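Enquirer:
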Amino acid sequence: MGGGCRPEGCQDGGRAPGRALERRSARGPGSGHRRHRRRPVGNHRRPDRPGLRSLCRCRERCLHPRRRRTSNLAAPRRVRAAGRRPPSRDTNRHERASAGRALTTGLRWAEVDLAAVRANCGRILAHLPDGSELIAVVKADGYGHGAVPVARAAVEGGATGLAVATLEEAEAVSELGDVVRGYQILVMGAITPAQAATAAAGGWSIAVSTRELAAALGDCGELVPVHLKVDTGMGRFGCTPEEAPAIARFIEESPGLVLAGAWTHFASADSDDAMTQAQFQLFTKTVAAFGDDPIKQHVCNSAAALRHPEFALDAVRCGIAIYGCEWPGLQPALSLRSMVTHVKTVAAGATVGYGATWKAPDKRRVATVAIGYADGVHRARSNRGQVLVRGHRAPLIGTVSMDAITVDVTDVHGVQVGDVVTLVGEDGGGRITAEEVAEWSRTISYEVLTSIGPRVERRYSE
Numbered sequence: 027m028g029g030g031c032r033p034e035g036c037q038d039g040g041r042a043p044g045r046a047l048e049r050r051s052a053r054g055p056g057s058g059h060r061r062h063r064r065r066p067v068g069n070h071r072r073p074d075r076p077g078l079r080s081l082c083r084c085r086e087r088c089l090h091p092r093r094r095r096t097s098n099l100a101a102p103r104r105v106r107a108a109g110r111r112p113p114s115r116d117t118n119r120h121e122r123a124s125a126g127r128a129l130t131t132g133l134r135w136a137e138v139d140l141a142a143v144r145a146n147c148g149r150i151l152a153h154l155p156d157g158s159e160l161i162a163v164v165k166a167d168g169y170g171h172g173a174v175p176v177a178r179a180a181v182e183g184g185a186t187g188l189a190v191a192t193l194e195e196a197e198a199v200s201e202l203g204d205v206v207r208g209y210q211i212l213v214m215g216a217i218t219p220a221q222a223a224t225a226a227a228g229g230w231s232i233a234v235s236t237r238e239l240a241a242a243l244g245d246c247g248e249l250v251p252v253h254l255k256v257d258t259g260m261g262r263f264g265c266t267p268e269e270a271p272a273i274a275r276f277i278e279e280s281p282g283l284v285l286a287g288a289w290t291h292f293a294s295a296d297s298d299d300a301m302t303q304a305q306f307q308l309f310t311k312t313v314a315a316f317g318d319d320p321i322k323q324h325v326c327n328s329a330a331a332l333r334h335p336e337f338a339l340d341a342v343r344c345g346i347a348i349y350g351c352e353w354p355g356l357q358p359a360l361s362l363r364s365m366v367t368h369v370k371t372v373a374a375g376a377t378v379g380y381g382a383t384w385k386a387p388d389k390r391r392v393a394t395v396a397i398g399y400a401d402g403v404h405r406a407r408s409n410r411g412q413v414l415v416r417g418h419r420a421p422l423i424g425t426v427s428m429d430a431i432t433v434d435v436t437d438v439h440g441v442q443v444g445d446v447v448t449l450v451g452e453d454g455g456g457r458i459t460a461e462e463v464a465e466w467s468r469t470i471s472y473e474v475l476t477s478i479g480p481r482v483e484r485r486y487s488e
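Start counting at 1 in the sequence shown, then tack on 26, and there's your number in our numbering.
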């Protein structure tokens, strides 16, 4: 296109824009032009600037269906198909964006130690038999740590694959570009046949549980690597062991599909050894019926990888372990902190919080902290557990609010506005773990981490 830069589908075809406007002006505006300001006869485009195309302001005429934006999930694939390299991406923008998402910058933040992620990946690999690979699970925004920086750190720590739950998560991780190019990105979560075209265009490995999804992926005109999931006792996704050989055969015979792997998920690997053993045996027996072609087999989650390395097979999928939770010898990667915003003395009998659930037994010093259930402090923690202030434990009192908690700091000398409060992590000689917080919250450490909200700024260290 030249200086006129008329979008495809614009009603004036290739005519000069000034003359077209002149004729329209003579006969009055059309029915769709109520919102347009009247302009002098002439070109209605913005002036050209170096490096920029002229942009048409006439939304009614130029927003033709053929010009609408399509999903950017397929854009890199289309660029490669045209024989060009996709443009380089700013791989640090996610860290900057996450910092910009904090609505009250500086009052609530999570410190993420990427060196700990790398070290944990190395420790897991050292625990596995030779030849077993590590697939780092970075779903749910990297368990609340930030999927993109964690994915980079995991690859640097020795992971040879990444796993996510959704297509959107796969797209986000793919924006690491050269860092993950050549590494497997497995989409483990449920995908419907209606999403097949988007899934196929991304260049990722796709988990398949049904023949219908396999057929939809195979019809997309791409060569799609798939991992067949077999349900051996979890009861969520996956085909039955009886269905698996026929679906595997269908995949192998489909020209648009590659059977790249088979997998299952253990239901109780952290506690029930007998069930884990039974699931493992059922899986290996099922996959043996697929034929002689080698495919990647992976069954172990974090608990199984660390408790049963003999089940590692070709690869393990570790999530919580790479973040340093649940298992001794691993280094926690996240600390959650906030700040004291108010301190007051309350008299005996004074109440604090919604519902007046806490009453002062005598004169007490109470600090208000700028973090609440909107940020991941579960309401179940009302009047339960502690935080660290100036290196000392102080009890959480009253009902957790959306934006604040209250803490009894009577026994902590000199607390003042601006003091840092640690909800997870270390301060001075004190330490609070995600597992402790989970117990106080009546949940598990996974939920503690993934509940940390978008108002909490993520700060990364290497």
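Virtual Cβ for every residue (Gly too), placed ideally from N, Cα, C. On a predicted model such as this, the values are computed, not experimentally measured, just so you know.
Apart from the five residues just before and just after A274, which ones in its own chain have a Cβ nearer than 7 Å to its Cβ?
Expert: Excluding positions up to five away in sequence, the list reads L254, L285, F316.
Enquirer: Suppose contacts are defined by Cβ-Cβ distances below 7 Å. Is G9 in contact with L475 by that definition?
Expert: Residue coverage of the chain in this structure runs from 27 to 488, which leaves residue 9 outside it and unanswerable.
Enquirer: Taking Cβ positions only, does F316 come closer than 7 Å to chain D?
Expert: Absent from the structure: chain D. Only one protein chain is present.
Enquirer: Would you give the residue range spanned by the alpha helix (DSSP H) that A227 belongs to?
Expert: It spans 222-227 - the alpha helix (DSSP H) in which A227 sits, taken as one unbroken run.
Enquirer: For the beta strand (DSSP E) containing E483, name the first residue and the last one.
Expert: From DSSP, the beta strand (DSSP E) with E483 extends over 483-487.
Enquirer: Helix, strand or coil for R457? Go by DSSP, reduced to three states.
Expert: DSSP places R457 in strand when its eight states are reduced to three.
Enquirer: For a quick check, are the C-beta atoms of A400 and M365 less than 7 Å apart?
Expert: Taking 7 Å as the Cβ cut-off, A400 and M365 do not qualify as a contacting pair.
Enquirer: Alpha carbons only, please: which of C265, V190, K322 is nearest the one belonging to G287?
Expert: Here the closest residue by C-alpha is K322.
Enquirer: Would you call the CB atoms of V213 and V190 closer than 7 Å?
Expert: Closer than 7 Å, so yes.
Enquirer: Once you ignore the five residues that flank V199 on each side, which residues in its own chain have a CB closer than 7 Å to its CB?
Expert: Around V199: V164, A173, V174, A177, L188, V190, V206, I211.
Enquirer: Check the C-beta distance from V369 over to R390 and give it rounded, since I have them as a contact under 8 Å.
Expert: About 11 Å separates the two Cβ atoms, so there is no contact after all.
Enquirer: Taking the CB atoms as reference points, tell me whether A411 and W353 lie closer together than 7 Å.
Expert: In the sequence under discussion, the amino acid at residue 411 is Gly, which differs from the Ala named in the question. Their beta carbons are not under 7 Å apart, which means G411 does not touch W353 by this criterion.
Enquirer: Roughly how many whole angstroms lie between the Cα atoms of D453 and G417?
Expert: Taking the straight line joining both Cα atoms gives about 5 Å.
Enquirer: Can you tell me whether V403 is buried or exposed? The criterion is at least 16 other CB atoms within 10 Å of its CB, across all chains shown.
Expert: Its Cβ being crowded by 16 or more others within 10 Å, V403 is buried.
Enquirer: With a Cβ-Cβ cutoff of 7 Å, do G215 and T192 count as a contact?
Expert: Against a cut-off of 7 Å, the Cβ pair of T192 and G215 comes out as a contact.
Enquirer: Considering only residues of the same chain and omitting the five flanking positions on each side of L145, which have a CB-CB separation below 6 Å?
Expert: For clarity, residue 145 is Ala in the given sequence; the question names Leu instead. Hits under 6 Å: Q357.
Enquirer: Could you name the residues of the same chain whose beta carbon sits closer than 6 Å to that of L360, not counting the 5 residues immediately before and after it, in chain order?
Expert: A136, V138, H171.
Enquirer: With respect to the alpha helix (DSSP H) encompassing H153, which residues constitute its N-terminal and C-terminal limits?
Expert: Residues 140-153.
Enquirer: With burial defined as no fewer than 16 other Cβ atoms inside 10 Å of the residue's Cβ, what is the status of R491: buried or exposed?
Expert: Here the chain comprises residues numbered 27 to 488, so residue 491 is not present and cannot be evaluated.
Enquirer: Determine the burial state of Y380: buried for a count of at least 16 other Cβ atoms within 10 Å of its Cβ, exposed for fewer.
Expert: Flag for Y380 reads exposed.
Enquirer: Look at the alpha carbon of T312 and the alpha carbon of E201, and state the distance between them as a whole number of angstroms.
Expert: Cα-Cα distance, rounded: 36 Å.
Enquirer: Please return the same chain residues whose Cβ sits closer than 8 Å to the Cβ of G444, not counting the five positions on each side in sequence.
Expert: Answer for G444: M365, V366, listed in chain order.
Enquirer: If you compare alpha carbons, which of Q442, G264, C344, M260 is closest to V181?
Expert: Taking only the C-alpha atoms, the option nearest V181 is C344.
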